[in-house]
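Residue numbers (UniProt numbering): 1 to 460. Where a beta carbon is used, it is the ideal one built from N, C-alpha and C, also for glycine. None of these values were measured; they are calculated from a predicted model. Working notes, beginning with the structure itself.
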């Protein structure tokens, strides 16, 4: 574990971290939390693009005269009576939000918690009416997103991206973020990770953790052809046995993997739960390798490229570690069923606008395995490295995906067919994807009741 010196990356006259348009200074002291914003120009309205629904309106209190937080059409919005470059708030570390995003704060049973820096992202607006005109739809916004700087100071130990911070933690992001831990939890190190593991985590999970994570990273290294520059930061919070069954949520940002698990099924060792944990680590670790390979964080309509390929990689790694190809047939039968449901009202591209974001995972997974099979070398990892290169040198639109396939020698007619199931509304999504799987020579065997009972996907 390395010890970092106090960071002095922000200009004292403006309060801005260098290169940022918005900086949030967060202070945690004696159980209280405050955030002071600095903007690079006077603002009358700034709204939050993450965690819609009004939780800040209820849990943030303005400390600045003439400044309020109001929820407008679903967007928590900072409103300033007169244009200003600063605004301060007393905030509550709200840990019970249930959203399909990285949770803003995640508690550990030892009293520590993580905060997600991306929760402080702000977008500029002219005034309250300008935010209201969005009608709760972020896709209507036409402004320029500022780079976010976050500084964090706590009276308890702070761990960020694998380092114990001495003084002020500083993080800069554009549309992303990272998880920062603060608390008295014990720092643990494994062969492939460093981080904080909740002390209440069931022992049967803890004792296998290093071996499992090491095996997963070894598989990724073999398939990608490179190692990560540094060990992953692993943060695992345990939310108790109160929930029925087993549930988990997690995310990956930078080199940090965050996982929160809970449920009464965790009381006893369970092979299915271990497979689920293994799959989570494999999926989230895939994002670390994607980023290291040069693929920037893809969001919005292009999310299917990142999440779909991460799903495909995780599925193959888990099946390979289990030595059980039958699991892939079950996995892709489920993916096909869910994909069919998500695409009933429109195409894969843009599914998020229909509140069908999970299509990016399930349908995107199918697109990824079809892509690999259509390439002359059948190498999805190599393809993504080439895609990253092409996106840096050319177009960043999703069509670049198919242009890269063409450059690498995939059949042009097959590429057009694959693009059709991404961009077009399908009259029968399930059959269209089965046809695409067959065209890619993956040959799913479909039973009389419509289930995939085998599929020709190599484990390596």
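**Message:** Taking a contact to mean a Cβ-Cβ separation below 8 Å, would you say residue 181 touches residue 114 in this structure?
**Reply:** yes
**Request:** Specify whether the region 415 to 423 and the region 286 to 293 touch according to this definition: at least 3 beta carbon pairs, one from each stretch, less than 8 Å apart.
**Result:** no
**Among 201, 376, 383, 438, nearest to residue 409 - alpha-carbon criterion** = 376
**Message:** Under 8 Å: do the region 272 to 282 and the region 335 to 348 share three or more Cβ pairs, one atom per stretch?
**Reply:** no
**Asked** When you compare each of 384, 175, 126, 346 to residue 84 by their alpha carbons, which one comes out closest?
**Response** For residue 84, the nearest C-alpha among the options comes from 126.
**Message:** Taking the alpha helix (DSSP H) that residue 509 belongs to, which residues open and close that run?
**Reply:** The first residue shown for the chain is 1 and the last is 460, placing residue 509 beyond what the model contains.
**Distance, residue 163 Cα to residue 447 Cα** = 52 Å
**Asked** Are the beta-carbon atoms belonging to residue 257 and residue 232 less than 8 Å from one another?
**Response** Remark: C-beta atoms of residue 257 and residue 232 approach each other more closely than 8 Å.
**Request:** Please classify residue 392: is it buried, with 16 or more other beta-carbons within 10 angstroms of its beta-carbon, or exposed?
**Result:** exposed
**Request:** State whether the region 224 to 240 contacts the region 189 to 209, with contact taken as three or more CB pairs (one from each stretch) at a distance under 8 Å.
**Result:** Yes, they touch.
**Prompt:** Under 8 Å, do residue 59 and residue 92 count as touching if we go by C-beta distance?
**Reply:** For residue 59 and residue 92, yes; Cβs fall inside 8 Å.
**Asked** Can you tell me the Cα-Cα spacing of residue 36 and residue 302, whole angstroms?
**Response** 33 Å
**Asked** Quick one: what does DSSP say residue 139 is sitting in, helix, strand or coil?
**Response** helix
**Opening and closing residue of the alpha helix (DSSP H) in which residue 308 lies** = 303 to 322
**Request:** May I ask which residues mark the beginning and end of the beta strand (DSSP E) holding residue 422?
**Result:** Per DSSP, residue 422 belongs to no beta strand (DSSP E); it is in the alpha helix (DSSP H), 412 to 423.
**Asked** Given 8 Å as the limit, is there contact between the region 308 to 316 and the region 380 to 388, that is, 3 or more CB pairs closer than that?
**Response** yes
**Item:** Rounded C-alpha distance that separates residue 323 from residue 56
**Value:** A direct Cα-Cα distance of roughly 47 Å separates residue 323 from residue 56.
**Prompt:** If you count every other CB in all the chains shown that lies within 10 Å of the CB of residue 443, and 16 or more means buried, which is it?
**Reply:** exposed
**Message:** Between which residues of its own chain and residue 73 is the CB-CB distance below 7 Å, once the five residues before and five after are set aside?
**Reply:** 131, 132, 134, 135, 136
**Asked** By a C-beta neighbour count over all protein chains shown, 10 Å radius and 16 as the cutoff for buried, is residue 179 buried or exposed?
**Response** Burial is judged here by how many other beta carbons sit within 10 angstroms of a residue's own beta carbon; residue 179 has at least 16 and is buried.
**Item:** Same chain only: Cβ atoms within 8 Å of residue 5, ignoring 5 sequence neighbours per side
**Value:** Here the model assigns residue 5 a pLDDT of 39, short of 50, so the residue's position is not dependable and the matter cannot be decided.
**Prompt:** If you draw a straight line from the C-alpha of residue 65 to the C-alpha of residue 81, how long is it?
**Reply:** 9 Å
**Asked** For residue 448, does the three-state DSSP call read helix, strand or coil?
**Response** coil
**Request:** Could you name the residues of the same chain whose beta carbon sits closer than 7 Å to that of residue 230, not counting the 5 residues immediately before and after it, in chain order?
**Result:** 162, 255
**Request:** May I ask you to list the residues that DSSP assigns as paired with residue 113?
**Result:** In the DSSP output, where bridge partners are listed per residue, residue 113 has 107, 182.
**Prompt:** Do residue 281 and residue 213 have their C-beta atoms within less than 8 Å of each other?
**Reply:** yes
**Message:** Just to confirm before moving on: does the CB-CB distance between residue 148 and residue 120 stay below 8 Å?
**Reply:** In this structure, residue 120 lies closer than 8 Å to residue 148 by Cβ.
**Request:** Go ahead and pull the three-state DSSP assignment for residue 37.
**Result:** Under the three-state reduction of DSSP output, residue 37 falls in the strand class.
**Message:** Spatial neighbours of residue 26 within its chain, please: C-beta separation below 6 Å, excluding the five flanking residues on both sides.
**Reply:** Residues 35, 152 of the same chain have their beta carbon placed closer than 6 Å to that of residue 26, with the five preceding and five following residues left out of the count.
**Request:** Classify residue 378 as helix, strand or coil using the three-state DSSP reduction.
**Result:** coil
**Message:** Among 51, 250, 314, whose alpha-carbon lies nearest the alpha-carbon of residue 218?
**Reply:** 314
**Prompt:** Buried or exposed: residue 142, going by 16 or more other Cβ atoms within 10 Å of its Cβ?
**Reply:** exposed
**Item:** Member of 123, 359, 38 whose CA lies at the smallest distance from the CA of residue 18
**Value:** 38
**Message:** Assuming residue 189 is part of the alpha helix (DSSP H), what are its boundary residues?
**Reply:** Careful: residue 189 lies outside any alpha helix (DSSP H), inside the beta strand (DSSP E) at 187 to 189.
**Prompt:** Do residue 220 and residue 129 come within 8 Å of each other at the CB atom, strictly closer than that value?
**Reply:** no
**Item:** Same chain, Cβ closer than 6 Å to residue 159, five either side skipped, listed in chain order
**Value:** 181
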